[in-house]
Amino acid sequence: MGEKPSSEAQVQARMLAFEERFSFQERRLEEFHEVLLGQRREIDQLARRVARCEAAIDELRLGGDDLPHEKPPHY
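So this is what it looks like as structure tokens:
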């Protein structure tokens, strides 16, 4: 019973504060989403580079006898 009823102005002020907080959080979430998408693209690019490097290493291992910098056997 000791509670004082909220006035319309107080309710409006609280709603405005909640809306401002919600808008801020929504913007932050969109920013995080953009950062996440950028990181995903970068990870995908790096994964492709690693795959190409691994393929090049495997190719060098398999074709190691035919390397151009090696001297022919008669030297």
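First residue of the sequence shown: 149, per my numbering; consecutive thereafter. Cβ atoms here follow ideal geometry from the backbone N, Cα and C, with glycine treated the same way. Note that the structure is predicted; figures quoted are calculated from it, not measured.
Rounded to the nearest angstrom, the gap between the Cα atoms of isoleucine 191 and arginine 162 is 43 Å. Alanine 165 and arginine 196 have their C-alpha atoms roughly 47 Å apart.
Under the three-state reduction of DSSP output, glycine 186 falls in the helix class. In the structure shown, histidine 222 falls within a coil segment according to DSSP collapsed to helix, strand and coil.
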